[in-house]
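In the numbering used here, the protein residues as written are 1051 to 1113.
Heads up, the beta-carbon is just placed ideally off N, CA and C, and yes, glycines get one too.
Scroll down for the structure; my scribbles are underneath it.
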């Protein structure tokens, strides 16, 4: 299991996403698709996907 590091921005973002999805599940007794899409859209907007990926995440390493 991967445990996000709350000392890093990415770790905090992952923890916040988990919390938001947990709260959604408690409110709606599940993960309604439209709500999840909204949450993920907002969450993904926090990241910069314009730069190069670190070597461990390149296609060569994934295959």
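(Q) Quick check: the Cα distance between residue 1069 and residue 1092, rounded to an integer number of angstroms? (A) Taking the CA atoms as reference points, residue 1069 sits about 14 Å from residue 1092.
Q: Just confirm the distance between the C-beta atoms of residue 1071 and residue 1089, as a whole number of angstroms; I'd bet it's less than 8 Å.
A: 7 Å
(Q) I'd like to know whether the C-beta atoms of residue 1074 and residue 1085 end up nearer to each other than 8 Å. (A) yes
Q) Based on Cα-Cα distance, which residue from 1101, 1102, 1099, 1094 lies nearest to residue 1063? A) 1094
(Q) Just to confirm my understanding: we take residue 1061, look at its own chain, exclude 5 residues before and 5 after, and list those with CB closer than 7 Å. What are they? (A) 1054, 1055
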